[in-house]
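Here the structure is laid out as structure tokens; the discussion comes afterwards.
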Amino acid sequence: MEQRTPTLRSVAWLWFGITIAVLVVGFRQAIFLVPTEATMGNVQRIFYYHLPHAVLGLIFPYVNFIASLAYLFWRRRDPLKALTADALAVAAAEVTVLFVGIGLLSGMLWAKPAWGIWWAWDARLTTYLLLWLLYVSYLLLRRYSPSGQTGTFGAVLSVFAAIDVPIVYMSIQWWRTQHPAPVFGPNGGGIDPSFVPAVLWNMAGWAMWGVLILLFRFALERRRQLAEQEAALVAIEASLEIPQ
Amino acid sequence: MTYLRHVLDHLRKDLRLEWRSRDSINGMLFFALLVVVVFGLAFDPTSYPTITRQISGAILWVALLFASITALNQSWTREQSNNVLEAQRMAPSPASALFLGKALANLLFVLTVEAVLAPIFIVFFNLHALGNVWLLTLILPLGTWALVVNGTFFAALGLRARNRELLLPLLLLPVSLPALLAMVQATTGVLTAELDPIQIGTWIKQLAGYDIIFTTICILLFETVLNAE
Amino acid sequence: MTWQSFFDFSTMSHRHLIFVYAGIWLIQGAYLGWIAWNWSHTKGSRH
Numbered sequence: 001m002e003q004r005t006p007t008l009r010s011v012a013w014l015w016f017g018i019t020i021a022v023l024v025v026g027f028r029q030a031i032f033l034v035p036t037e038a039t040m041g042n043v044q045r046i047f048y049y050h051l052p053h054a055v056l057g058l059i060f061p062y063v064n065f066i067a068s069l070a071y072l073f074w075r076r077r078d079p080l081k082a083l084t085a086d087a088l089a090v091a092a093a094e095v096t097v098l099f100v101g102i103g104l105l106s107g108m109l110w111a112k113p114a115w116g117i118w119w120a121w122d123a124r125l126t127t128y129l130l131l132w133l134l135y136v137s138y139l140l141l142r143r144y145s146p147s148g149q150t151g152t153f154g155a156v157l158s159v160f161a162a163i164d165v166p167i168v169y170m171s172i173q174w175w176r177t178q179h180p181a182p183v184f185g186p187n188g189g190g191i192d193p194s195f196v197p198a199v200l201w202n203m204a205g206w207a208m209w210g211v212l213i214l215l216f217r218f219a220l221e222r223r224r225q226l227a228e229q230e231a232a233l234v235a236i237e238a239s240l241e242i243p244q
Numbered sequence: 001m002t003y004l005r006h007v008l009d010h011l012r013k014d015l016r017l018e019w020r021s022r023d024s025i026n027g028m029l030f031f032a033l034l035v036v037v038v039f040g041l042a043f044d045p046t047s048y049p050t051i052t053r054q055i056s057g058a059i060l061w062v063a064l065l066f067a068s069i070t071a072l073n074q075s076w077t078r079e080q081s082n083n084v085l086e087a088q089r090m091a092p093s094p095a096s097a098l099f100l101g102k103a104l105a106n107l108l109f110v111l112t113v114e115a116v117l118a119p120i121f122i123v124f125f126n127l128h129a130l131g132n133v134w135l136l137t138l139i140l141p142l143g144t145w146a147l148v149v150n151g152t153f154f155a156a157l158g159l160r161a162r163n164r165e166l167l168l169p170l171l172l173l174p175v176s177l178p179a180l181l182a183m184v185q186a187t188t189g190v191l192t193a194e195l196d197p198i199q200i201g202t203w204i205k206q207l208a209g210y211d212i213i214f215t216t217i218c219i220l221l222f223e224t225v226l227n228a229e
Numbered sequence: 001m002t003w004q005s006f007f008d009f010s011t012m013s014h015r016h017l018i019f020v021y022a023g024i025w026l027i028q029g030a031y032l033g034w035i036a037w038n039w040s041h042t043k044g045s046r047h
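So the sequences go chain by chain: Z, L and E.
Sequence positions in the first sequence follow my numbering and run 1 to 244.
Sequence positions in the second sequence follow my numbering and run 1 to 229.
Sequence positions in the third sequence follow my numbering and run 1 to 47.
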């Protein structure tokens, strides 16, 4: 651990630097270089920030789900590994809320000028909102649970969320094919090749950013856990030294 | 067979306890009645029969959802006094039997409330169902079970949490969404007769599928929740 | 687009474009800052 930390720090700073560089290039591509879209005008540039957040918001919940399963598996077998899994689960959950929330907000801010409505209750959007609500409730459940049970309760809720989200999508999708609703969003056909650089640079940039904050948050959680363990150890040692 | 006996024992225990105080059922009834009256005042249902039929399904289920939330929180507090929960943990019967017994008891309570609420709805909303009313005897229990099974589970999760009353609706509503959609659509379909029987049948099948999936998950995971320390 | 046309607040489209870009940078930056602040306020490991 002594040897690893300085190297880890350098790697982290390097990653941070590259991420910022990629994001700056992405910004330049999105705003200045890529041509303006014909029908929507400049407001379409929101898409280059909206898409990465929306897509990444669907990936981080899986990280949380896998970490939660790992936690439940290791809970009785190897508590230390379980603790690490739990740290990753909570980090992934927070990053999910962040990315999904930004995806929702940017989507709404784009939809109003582009299509005239803030929201539509179609399968995709409703499921997305639900995902956000589920993970907010995950974080609240963790915060309000008695300590010692936060990991278990969180993991259980994570299982519920993982099963519920696809079901919600399918049920509303089925419902909407019965009653067609306003369909909007970037669907139908691919993306014009002149837009592709902006999409790729921003996707790469925000993915790198996502990994950065996920691992940073994970490291923070581990740091807290270790500090707690040491405090507990100190307390035990102190109680053993009570003079007879 | 012993498993079933355990479930029935837990069920009988909850029914007996509730019968002695009856505050859950009274609370639910009163709440649901209040919702009916408020919506009646807001929408003036008797003057607009078509619109009333279209929204009654949704109003009914919203009323039941919120009424059952008030009762579900209470259903576990019974287990907290006198350290009963510790005794339950040490009992040899499987934890899921405790869960099922309690969920079934809650189901019976909410069904009782529905039985009282239905005539009130019909009277205050001048409701005249256009479709096959007997389908409602299938939809109502299936829908209620969907709410109750998840509600009992999440109420147990929040048992020693600080903001218990906040946690249950926060957890229950997103998870119940597919079931709510199915039960409201099916009920409205029956009331308005705008959906043909095949479509209503599909909604009922979806509801049944949801019930099976989530009952299984709750039974499997309850042991973990009860022995969380 | 140019820097001047980017900072145009006249129409809703333009305002929303700025809200999204500035807002995202702000929110992400705030989260990173929150993690960093907590990092500096957590005691490091003895080992």
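Glycine is no exception: its CB is placed at the ideal position from the N, C-alpha and C atoms.
Fair warning: this is a prediction, and the values are worked out from it, not measured in the lab.
Between which two residues does the alpha helix (DSSP H) containing Ala105 of chain L stretch?
-> Here the question's residue 105 of chain L lines up with position 105 in the second sequence. 95-124 is the span of the alpha helix (DSSP H), which, as asked, contains Ala105 of chain L.
What are the boundary residues of the alpha helix (DSSP H) that Tyr138 of chain Z is part of?
-> One-based indexing of the first sequence puts residue 138 of chain Z at position 138. Taken as a continuous stretch (DSSP letters only), the alpha helix (DSSP H) holding Tyr138 of chain Z covers 123-144.
Applying a beta-carbon distance threshold of less than 9 angstroms, which residues of chain Z neighbour Arg160 of chain L?
-> Position 160 of the second sequence, counted from the first residue, corresponds to residue 160 of chain L. Neighbours of Arg160 of chain L on chain Z, chain order: Ser145, Pro146, Gln149.
For Gln56 of chain E, return the contacting residues in chain Z, with the cut-off set at a CB-CB distance below 7 angstroms.
-> The requested residue 56 of chain E does not occur in the structure, where chain E is confined to residues 1 to 47.
How about the stretch 161-179 of chain Z and the stretch 113-128 of chain Z: do they share at least three Cβ pairs that are nearer than 8 angstroms?
-> As far as the Cβ criterion goes, the stretch 161-179 of chain Z touches the stretch 113-128 of chain Z, which means the pair count is three or higher.
Mind checking which residues open and close the alpha helix (DSSP H) that includes Tyr48 of chain Z?
-> Numbered from 1 along the first sequence, position 48 holds the residue referred to as residue 48 of chain Z. Segment 47-74, the alpha helix (DSSP H) holding Tyr48 of chain Z.
Going by DSSP, what residues sit across from Gly41 of chain Z in a beta bridge?
-> As a first step, residue 41 of chain Z is located in the first sequence; it is residue number 41 there, counting from the start. Gly41 of chain Z is bridged to Z:Glu37.
Can you say whether Lys102 of chain L is buried or exposed, counting buried as having 16 or more other CB atoms within 10 angstroms of its CB?
-> Start at 1 with the first residue of the second sequence, and residue 102 of chain L comes out as number 102. The C-beta of Lys102 of chain L has 16 or more other C-beta atoms within 10 Å across all chains shown, which makes the residue buried.
Cβ of Ala155 of chain L within 7 angstroms of Cβ of Asn73 of chain L?
-> Position 155 of the second sequence, counted from the first residue, corresponds to residue 155 of chain L. Position 73 of the second sequence, counted from the first residue, corresponds to residue 73 of chain L. A contact, by the Cβ cut-off of 7 angstroms.
Could you tell me whether any Cβ in chain L is nearer than 7 angstroms to the Cβ of Phe153 of chain Z?
-> Working through the first sequence from its first residue, we reach residue 153 of chain Z at position 153. Taking Cβ atoms only, chain L reaches closer than 7 angstroms to Phe153 of chain Z, which makes this a yes.
Give the DSSP-derived three-state secondary structure of Gly209 of chain L in the structure shown.
-> By 1-based counting over the second sequence, the position of residue 209 of chain L is 209. Gly209 of chain L falls in the helix class under three-state DSSP.
Residue nearest to Leu26 of chain E in terms of C-alpha spacing, selected from Z:Ile102, Z:Ser147, Z:Gly107, Z:Ala227 = Here residue 26 of chain E is taken as the residue at index 26 of the third sequence, counted from 1. The shortest Cα separation from Leu26 of chain E among Z:Ile102, Z:Ser147, Z:Gly107, Z:Ala227 belongs to Z:Ile102.
Would you say Val175 of chain L faces chain Z, with C-beta separation under 7 angstroms as the test?
-> Translated into positions along the second sequence, residue 175 of chain L becomes position 175. So, interface residue.
Do Ala245 of chain Z and Ala198 of chain Z have their C-beta atoms within less than 7 angstroms of each other?
-> In the structure displayed, chain Z extends from 1 to 244; residue 245 of chain Z sits before or after that span and is not available.
Just mark Asn64 of chain Z as buried or exposed, buried being the case when its beta carbon has 16 or more other beta carbons within 10 Å.
-> In the first sequence, counting from the first residue as 1, residue 64 of chain Z sits at position 64. Buried: at least 16 other Cβ atoms inside 10 Å.
Do Ala93 of chain Z and Leu139 of chain Z come within 7 angstroms of each other at the CB atom, strictly closer than that value?
-> In the first sequence, residue 139 of chain Z corresponds to position 139, counting from 1. In the first sequence, residue 93 of chain Z corresponds to position 93, counting from 1. In this structure, Ala93 of chain Z lies closer than 7 angstroms to Leu139 of chain Z by Cβ.
Hey, does Leu26 of chain E have any beta-carbon neighbour from chain Z nearer than 7 angstroms?
-> Here residue 26 of chain E refers to the residue found at position 26 of the third sequence. No, no contact with chain Z.
Give every residue of the same chain whose Cβ lies closer than 7 angstroms to the Cβ of Glu165 of chain L, excluding the five residues on either side of it in the sequence, and list them in chain order.
-> Taking the second sequence and counting its residues from 1, the one referred to as residue 165 of chain L is at position 165. Correct list, in chain order: Asn73.
Counted within 10 angstroms of its Cβ, other Cβ atoms place Asp44 of chain L as buried (16 or more) or exposed | Residue 44 of chain L sits at position 44 when you count from the first residue of the second sequence. Exposed, because fewer than 16 other Cβ atoms sit within 10 Å of the Cβ of Asp44 of chain L.
Span of the alpha helix (DSSP H) around Ala19 of chain L = Position 19 of the second sequence, counted from the first residue, corresponds to residue 19 of chain L. For the record, residue 19 of chain L in the displayed sequence is Trp; it is not Ala. Its alpha helix (DSSP H) spans residues 2-21.
In chain Z, which residues lie with their C-beta within 8 angstroms of the C-beta of Ser19 of chain E?
-> As a working mapping, residue 19 of chain E is identified with position 19 in the third sequence. Here residue 19 of chain E turns out to be Phe, not Ser, going by the sequence shown. Result: Leu109.
If you compare alpha carbons, which of L:Trp19, L:Val149, L:Phe125, L:Trp61 is closest to Arg78 of chain L?
-> Taking the second sequence and counting its residues from 1, the one referred to as residue 78 of chain L is at position 78. Comparing Cα-Cα distances from Arg78 of chain L to each of L:Trp19, L:Val149, L:Phe125, L:Trp61, the minimum goes to L:Trp19.
In three-state DSSP terms, what is Ser68 of chain L?
-> Within the second sequence, the letter at position 68 stands for residue 68 of chain L. Of the three classes helix, strand and coil, the one that applies to Ser68 of chain L here is helix, per DSSP.
For Gln80 of chain L, count neighbouring C-beta atoms within 10 Å of its own C-beta (all shown protein chains included) and say buried if the count is 16 or more, exposed if not.
-> Numbered from its first residue, the second sequence carries residue 80 of chain L at position 80. Gln80 of chain L comes out exposed.
DSSP-derived helix/strand/coil call for Trp119 of chain Z | Translated into positions along the first sequence, residue 119 of chain Z becomes position 119. Coil.
Sufficient close CB pairs (3 or more, under 8 angstroms) joining the stretch 44-59 of chain L to the stretch 229-241 of chain Z | Taking one beta carbon from each stretch, the stretch 44-59 of chain L and the stretch 229-241 of chain Z have fewer than 3 pairs nearer than 8 angstroms; the two do not touch.
C-beta atoms of Val168 of chain Z and Leu215 of chain Z nearer than 7 angstroms = Here residue 168 of chain Z corresponds to residue number 168 of the first sequence, with the count starting at 1. Here residue 215 of chain Z corresponds to residue number 215 of the first sequence, with the count starting at 1. Contact flag unset, no.
Considering only C-alpha positions, which residue in the set L:Ala91, L:Leu147, L:Pro174 is nearest to His6 of chain L?
-> Counted from its first residue, the second sequence places residue 6 of chain L at position 6. Selected option, being the one with the closest Cα: L:Ala91.
Taking the alpha helix (DSSP H) that Ile31 of chain Z falls in, what are its first and last residues?
-> Residue mapping note: residue 31 of chain Z aligns to position 31 of the first sequence, counting from 1. From DSSP, Ile31 of chain Z is part of no alpha helix (DSSP H); its letter is neither H nor E.
Count the other CB atoms within 10 Å of the CB of Glu221 of chain Z; is the residue buried (16 or more) or exposed (fewer)?
-> Position 221 of the first sequence, counting from 1, holds the residue named residue 221 of chain Z. Of the other Cβ atoms in all chains shown, 16 or more fall within 10 Å of the Cβ of Glu221 of chain Z; this residue is therefore buried.
Give the straight-line distance between the Cα atoms of Ile200 of chain L and Ala193 of chain L, rounded to the nearest whole angstrom.
-> Position 200 of the second sequence, counting from 1, holds the residue named residue 200 of chain L. Position 193 of the second sequence, counting from 1, holds the residue named residue 193 of chain L. Cα atoms of Ile200 of chain L and Ala193 of chain L: separation of roughly 10 angstroms, rounded to the nearest angstrom.
Three-pair Cβ contact test at 8 angstroms for the stretch 40-55 of chain Z versus the stretch 195-211 of chain Z = When C-beta atoms of the stretch 40-55 of chain Z are compared with those of the stretch 195-211 of chain Z, three or more pairs fall below 8 angstroms, so the two segments count as touching.
Would you kindly work out how many angstroms separate the C-alpha atoms of Val25 of chain Z and Val175 of chain L, rounded to a whole number?
-> Counted from its first residue, the first sequence places residue 25 of chain Z at position 25. Counted from its first residue, the second sequence places residue 175 of chain L at position 175. Counting only the Cα atoms, Val175 of chain L lies some 40 angstroms from Val25 of chain Z.
State yes or no: is the beta carbon of His16 of chain E nearer than 7 angstroms to at least one beta carbon in chain Z?
-> In the third sequence, residue 16 of chain E corresponds to position 16, counting from 1. Yes - at least one Cβ of chain Z is within 7 angstroms of the one on His16 of chain E.
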